[in-house]
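Residue numbers (my numbering): 440 to 561.
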């Protein structure tokens, strides 16, 4: 049986910042942006290299079953693919996507509140 790597420690470190960012998100685009930033930080810690991926390599997509989409370029990277297959990283990204997806759905259902925050007069 192959050894399973665990990165839940990194998830716990990033969770408070994610929660705070989701609370201040004023639009669905903010939610998507904060999701990507959080995943970039997570992948940077896991892979220990910052240039491993770009902003476009992962995105929140609440319509997908997983809640997110990872680019083929990233999935074909041998270092990333090995970690993705042999760790809990996919489960962690799924949990983060679920949290972001819930906020996304909430903001989508209440566009008037979002517009009111954005269009406030000084």
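Cβ atoms here follow ideal geometry from the backbone N, Cα and C, with glycine treated the same way.
Counting only unbroken stretches of 4 or more residues, the alpha helix (DSSP H) elements lying wholly within the stretch 442–510 are 447–463, 467–486, in sequence order.
For the 8 Å CB-CB criterion, residue 477 and residue 535 form a contact. Residue 463 counts as exposed, since fewer than 16 other C-beta atoms from the protein chains shown sit within 10 angstroms of its C-beta. Your pair residue 510 and residue 496 checks out as a contact, with CB atoms roughly 4 Å apart and the cut at 8 Å.
With contacts defined by Cβ atoms closer than 8 Å, residue 470 and residue 461 form a contacting pair. Apart from sequence neighbours up to five positions away, the residues of its chain that approach residue 543 with a beta-carbon distance below 6 Å are 467, 470, 501, ordered along the chain. A Cβ-Cβ distance of about 17 Å is found for the pair residue 516 and residue 446, leaving them out of contact under the 8 Å criterion.
Bounds of the alpha helix (DSSP H) holding residue 537 are 528–548. Residue 450 is classed as buried because its beta carbon has at least 16 other beta carbons within 10 Å across all chains shown. Distance from the Cα of residue 539 is smallest, within the candidate group 487, 472, 443, 444, for 472.
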